[in-house]
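A.B. asks: Quick one: this structure, given as structure tokens, is what I'll be asking you about.
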């Protein structure tokens, strides 16, 4: 595992690769969480996470679904690949001036029962189910999340 200083060097020098989870329910709503951490702190964002060095996509997907949603053992094959996206942020996890964060994001979509509680609170302070048209209209939903629905 990298130290925070080493990881900041990676953020400064290279893009990160991540998976975002486009979680829908039977009513067509989408799960978003209000971010606790940089980048995008305070905005509503779909759950997701970075892929680790030497981690296979299948393993990363399963880990991220568990870490972000509390659902153990979900397989990537159960989700629909939604495309590749690019997220650029002017800040970084350490709030170091002059270092932005660049993500290459693989989006995966799947449906869950909204009556079943999901979400862990390490990365998000709260969760909400929003209709896509409401999500796109809100000022507090991050533009990178809105891009999945425009």
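In the working numbering, the protein residues as written are 19 to 168. For each residue, glycine too, the CB sits at the ideal point set by N, CA and C. From a predicted model like this one, the values you see are computed outputs, not experimental measurements.
Taking residue 159 as the reference, which of 58, 92, 109, 72 has the closest Cα?
C.D. replies: Checked all of 58, 92, 109, 72; the closest Cα to residue 159 is 58.
A.B. asks: Between which two residues does the beta strand (DSSP E) harbouring residue 82 extend?
C.D. replies: Here residue 82 belongs to no beta strand (DSSP E); instead the alpha helix (DSSP H) covers 75 to 87.
A.B. asks: Measuring CB atoms only, is the segment 95 to 103 touching the segment 131 to 147, in the sense that at least three cross pairs come out at less than 8 Å?
C.D. replies: Short answer: they don't touch.
A.B. asks: Check whether the Cβ atoms of residue 77 and residue 37 lie closer than 8 Å to each other.
C.D. replies: No, they are not a contact pair.
A.B. asks: Output needed for residue 72: all residues of its chain with C-beta closer than 8 Å, excluding positions within five of it in sequence on either side, in chain order.
C.D. replies: Closer than 8 Å at the Cβ level, and outside the excluded window around residue 72, lies no residue.
A.B. asks: Label residue 163 either buried or exposed according to how many other C-beta atoms from any shown protein chain fall within 10 Å of its C-beta, with 16 as the threshold for buried.
C.D. replies: It is buried - the Cβ of residue 163 has at least 16 other Cβ atoms within 10 Å.
A.B. asks: In whole angstroms, what is the alpha-carbon distance linking residue 90 and residue 136?
C.D. replies: If I take the Cα positions, the gap works out to 11 Å.
A.B. asks: What's the call for residue 29, buried or exposed, on a 16-neighbour Cβ count within 10 Å?
C.D. replies: Classification for residue 29: buried.
A.B. asks: Let's see if you can read the secondary structure: which residues bound the beta strand (DSSP E) around residue 104?
C.D. replies: Counting along the chain, the beta strand (DSSP E) containing residue 104 begins and ends at 98 to 107.
A.B. asks: For residue 126, which residues from the same chain have a beta carbon less than 8 Å from its beta carbon, with the 5 sequence-adjacent residues on both sides left out?
C.D. replies: Within the same chain, residue 126 has close Cβ partners 37, 38, 39, 40, 79, 94, 97, 98, 99, 100.
A.B. asks: Under 8 Å, do residue 26 and residue 122 count as touching if we go by C-beta distance?
C.D. replies: No, they are not a contact pair.
A.B. asks: Check residue 165 in the structure and name its three-state DSSP category.
C.D. replies: Residue 165: helix per DSSP, three-state reduction.
A.B. asks: Which residue marks the beginning of the alpha helix (DSSP H) containing residue 154, and which one marks its end?
C.D. replies: 150 to 155 is the span of the alpha helix (DSSP H), which, as asked, contains residue 154.
A.B. asks: Taking the alpha carbon of residue 35 as the reference point, which residue from 103, 83, 49 has its own alpha carbon closest?
C.D. replies: Minimum Cα distance to residue 35 is reached at 103.
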